[in-house]
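Residues in the sequence shown are numbered consecutively from 0, following numbering that gives the first Met the number 0.
From the three backbone atoms N, C-alpha and C, an ideal C-beta is built for every residue, glycine too.
Since the model is a prediction, treat every value here as computed from it, not as a measurement.
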Amino acid sequence: MAKCVVCGKKCGDKSIRKGGKDFCCVDCLKQYEDKNKPDTKANVCEFC
Ligand SMILES: [Zn+2]
């Protein structure tokens, strides 16, 4: 079973696959996209 690339949870029914990556939910997909925006480099890590 695929694992979410953001939180590491196993992906279930609500999993989303985008760009070859698996996400367990829309929130994780959003977080991933936010983090990887080229023009939005966050200086503060919100996951630590
Ligand atoms: Zn996740």
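Item, Value
"Rounded to the nearest angstrom, what separates Lys2 and Lys9 at their Cα positions?", "4 Å"
"Where the beta carbon is closer than 6 Å to any heavy atom of ligand 1, which residues qualify, in chain order?", "Cys3, Val5, Cys6, Lys8, Phe22, Cys23, Cys24, Cys27"
"Within 10 angstroms of the Cβ of Val25, are there 16 or more other Cβ atoms? Answer buried if so, exposed if not.", "exposed"
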